[in-house]
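Residues in the sequence shown are numbered from 748 upward in steps of one, following my numbering.
Using N, Cα and C, we set each Cβ at its ideal position, and we do this for glycine too.
The model shown is predicted, which means the values in this text are computed figures rather than measured ones.
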Amino acid sequence: MGKGMKYEHFKGEWKELYESKKSFSQIAKLYKVDAKTVNRTLAGLVEIRPKSEWTKYADEWYDLHVNKNMTKTEIAKEYKCSIHVVSRALEKKGIKRKRVASKRLYDHLAPEFAEMYKAGSSLAEIGEAHNVHAQTVLEYLNADDVEIRELSEARREYDINEHYFDAIDNEEKAYLLGLLFATGSALELHNAYCFQVTIHTNKKHIILPLILLLRGKDEGGYVDTDSIIRYRFSSRHLYETLRSYGMNIKSRMKLPNLDSNLYRAFYAGYMKDKSYITKPNNQLYITGSKSFLTSTRELFSQVVPENNIKIHTVSENEHHIAISDNECIQRIQEWIQY
């Protein structure tokens, strides 16, 4: 198989993302591949943009930052770009990133500060979880160019329907659990029990019923620089309930143990985001963890011959099922129509 050929099925998605102003690096980060792989796969399909369309603003940004005392965050909001873009441009002009004085003490926690904040935790919650002052957390986030939410947004608190999944006893709950397994992950960061739901903004409509169910309204979503929207839910009860079903971080997800008649609805929800069919070769792909897909193949073998269900490993944390037989694809599609 030639270089890039194993990513042929991503061409349509990557082309759409690139044409919506995502960079090769941003797409690569989303799919956990090298940016060169994205570049090579899209060769001849898209018109390559200059590496940075923001270079022309470097002098303006330098003047605003140095002479008018605007912060990088303020500049990024003014020009509607990522703070990382501003930081890189200013670094090339000789403006180095500020490092906090206490970096020696908490440098090892900086990635968790950023992860928890992006997942929706407040500065106070992060500080309490790590036994540090909220201002220290803020200094680390600023030093690492993490975009800071508006104060009004940061102070919001949301109720959560935390008992909905206590028992999966009907098809609607099974469907929504599948949707949650497709888009969510359980996080335990220094006893901060939460789970988060993430999806690209152009597919937000897929998870909106789930957000409305759990939160009652569409609020609290945080959009990062890669146009990924994140909803974070903090509830130890719901966290432990979902973990009991097999939810974990993406690479460790396991298939939940449900009544056999509910799996059709579960996969209808899961495949809403984690499956796609490539053209013109008409292959059905389902992505997930190795454990989850192994259980899926065993379950699907009750519907189609197991030798038609292939599991491929793309990387250590990236796996997918491939089904290429048209009749088998049709059977699977008919089976999940609950």
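According to DSSP, is residue i part of a helix, a strand, or is it coil?
i	result
Tyr864	helix
Arg902	Bear in mind that a pLDDT of 46 at Arg902, under 50, signals an unreliable position, so the model cannot answer this.
His880	coil
Gln943	strand
Leu1009	helix
Leu885	helix
Val813	helix
Leu934	strand
Ile895	coil
Trp808	helix
Asn1004	coil
Ile873	helix
Ile822	helix
Lys827	coil
Asp781	coil
Pro858	helix
Ser1048	coil
Asn995	coil
Asn1054	helix
Could you tell me which residues DSSP pairs with residue i in its beta bridges?
i	result
Ser1022	Ile1033
His1066	Gly1035, Thr1060
Arg979	Gln943
Ala890	Paired residues: none, contrary to the question.
Tyr969	Arg977
Can you tell me where the alpha helix (DSSP H) holding residue i begins and where it ends?
i	result
Val1061	First-last for Val1061: 1057-1062, but that is the beta strand (DSSP E), not the alpha helix (DSSP H).
Ile830	830-839
Ala929	918-930
Arg983	983-992
Gln1077	1073-1082
Pro956	951-962
Gly759	758-766
Ile792	A quick correction: the sequence has Leu, not Ile, at residue 792. That residue, Leu792, is in no alpha helix (DSSP H); it is neither H nor E in DSSP.
Lys843	Looking at the DSSP string, Lys843 is not in any alpha helix (DSSP H), and its letter there is neither H nor E.
Gln773	771-778
For residue i, count the other beta carbons within 10 Å of its own beta carbon; 16 or more makes it buried, fewer makes it exposed. Which is it?
i	result
Asp892	buried
Pro1003	buried
Gly1035	buried
Asn995	buried
Gly791	exposed
Ala871	exposed
Gly1016	buried
Glu900	Here the model assigns Glu900 a pLDDT of 46, short of 50, so the residue's position is not dependable and the matter cannot be decided.
Gln943	buried
Val813	exposed
Leu852	exposed
Arg983	exposed
Ile954	buried
Lys920	buried
Val833	buried
Ala914	exposed
Val970	exposed
His756	buried
Ile1070	buried
Gly963	exposed
Leu1024	The amino acid occupying residue 1024 in the given sequence is Ile; Leu does not appear at that position. Answer is exposed; the Cβ neighbour count stays below 16.
Can you tell me where the beta strand (DSSP E) holding residue i begins and where it ends?
i	result
His910	Per DSSP, His910 belongs to no beta strand (DSSP E) and is neither H nor E.
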